[in-house]
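Counting from 6, one number per residue, gives the positions in the sequence shown under the numbering used here.
To start, the structure itself, in structure tokens.
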Amino acid sequence: MSPAEPDALAVREQLFHERVRECIICTLLFASLYILCHFIITHFKKHTDFAAVHDDEDAAVNRIALGLCTFTLAVALGAVLLLPFSIISNEVLLSFPQNYYIQWLNGSLIHGLWNLVFLFSNLSLVFLMPFAYFFTESEGFAGSKKVGGPAGVPPPSPHPWLLANPLLQGIRARVYETSVVLLLLTLLVLGMVWVASAIVGNDAASRQSLYDLWEYYLPYLYSCISLFGVLLLLLCTPFGLSTMFTVTGKLLVKPRLLEDLDEQLSCTRLEEAAVSRRI
């Protein structure tokens, strides 16, 4: 074994341990955000929407939709907290450059977190949120519902284990319907994009850019949604603050610090004298 081989093995081992450490840190951070978002959603969501459902199939569908919404909220919260986390980690590394216990806050971890947030943000925006909405509203195609045939005979199924569990059969029917609706919606959006591209610029470069979905359109869509969110925040913040101060002013009692007590006493005595003369 040459002297360079142990050094190469040591470098590969160090890279492996760093990769495992980053995966563990990312998993723990996302698990914490997921648990926090689950408590937030279950606190604001009505109890009868997902817990007091008498149909087992509807309850299972609501639990799946709740999980998808919790995942999406966790990704959104991670996207909001990622920039402060990056700034704080950079300041900590600059303040304690020789500390061994904070060396895991490196650029590789931050870069990996940014890539994961970007990936899951696009996945939630394009697939998970529409899927959760259409999955909740779906009922399954007419030919795939879990209804019995003539004389109580169950309908034929390519999987015999589905006959023993009608709940899975009903959920599978809803998944089929949701997938078809999402596919049709995707084709509709892509068709509108093709038509708009043909109207605006009917050249080879514009048609070629339509194939760059991952490198061009998804980052552009992410930037547009972020810009819309920032504009909505700027518009709604003044109205929210004015409403908050209005409600607070109605609920709280104004302090009587600048009132003249002698004037109030004289007014009370005059009112008492006027009542006495009437009597």
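Yeah, the Cβ is synthetic: ideal placement off N, Cα and C, and Gly gets one too.
Rounded to whole angstroms, SER126 and PHE250 show a C-alpha spacing of 34 Å.
Put simply, the segment 182-199 does not touch the segment 77-97. Fewer than three CB pairs are less than 8 Å apart. The Cβ-Cβ distance between PHE132 and ARG179 does not fall below 9 Å. About 14 Å separates the beta carbon of LEU130 from that of ALA79, a gap too long to meet the 8 Å contact definition.
Between the alpha carbons of GLN108 and ASN120 lies a distance of about 20 Å.
The beta carbons of CYS74 and ILE46 sit closer together than 9 Å. Secondary structure at LYS50: coil, using DSSP grouped into helix, strand and coil. Judged by pairs of C-beta atoms under 8 Å, the segment 93-110 does not touch the segment 59-72, as fewer than three such pairs exist.
Between VAL97 and SER143, the gap from beta carbon to beta carbon reaches 9 Å or more. C-alpha of LYS50 to C-alpha of HIS43: approximately 10 Å in a straight line.
A residue is called buried when at least 16 other Cβ atoms come within 10 angstroms of its Cβ; ILE176 meets this threshold and is buried.
GLY234 sits away from GLU182, with the two beta carbons spaced by 9 Å or more.
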